[in-house]
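With my numbering as the guide, the letters of the sequence shown map in order to residues 5 to 102.
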Amino acid sequence: MSQQSTTVEVRILDKEYLVACPQEEQEALLRAARHLDGKMREIRSSGKVFGTERIAVMAALNIAHQLLERDTMSDATSSLLRAMDNRLDDALGGPSGN
């Protein structure tokens, strides 16, 4: 599987960017660009943040926060499932269920 890069044009907040990207990752890049564009437009439309750079930083912070929250929730869910599994093992007399 080759990782040949091609140039993909993305449009974020009415500005075009050329990004080198492996061909098999182009759709993911375009989805990411659409997501970022949407977040930046949302922030701009709030009227509380001015300047493209500041809007970009706020969007990046919001997206990073969402990703970290998702990871934290996944870790918490895994811990809860392990604890439940251990309690079930104890209730049933051990991991083998005997």
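Backbone N, C-alpha and C define an ideal beta-carbon position, used for all residues, glycine too. Remember, predicted model here, so these are calculated numbers, not experimental data.
Practice item. For the beta strand (DSSP E) holding Val-12, just list the boundary residues, first then last. Key: Residues 9-16.
Check your understanding: What is the C-beta distance between Leu-22 and Thr-11, in whole angstroms, given that I count them as a contact (C-beta under 8 Å)?
Key -> The distance from the Cβ of Leu-22 to that of Thr-11 is about 5 Å, consistent with a contact at the 8 Å cut-off.
Check your understanding: What is the DSSP secondary structure of Met-5, reduced to helix, strand or coil?
Key -> Residue placement at Met-5 is poorly supported in this model, since its pLDDT is 46, which falls under 50; the coordinates are not used for a value here.
Check your understanding: Which whole runs of the beta strand (DSSP E) in the region 17-92 are 3 residues long or more, in chain order?
Key -> Scanning the region 17-92 for uninterrupted beta strand (DSSP E) segments of 3 residues or longer gives 19-26, listed from N- to C-terminal end.
Point to revise | Alpha carbon of Ala-60 to alpha carbon of Leu-17, nearest angstrom | key: Cα to Cα, the separation comes out at about 9 Å.
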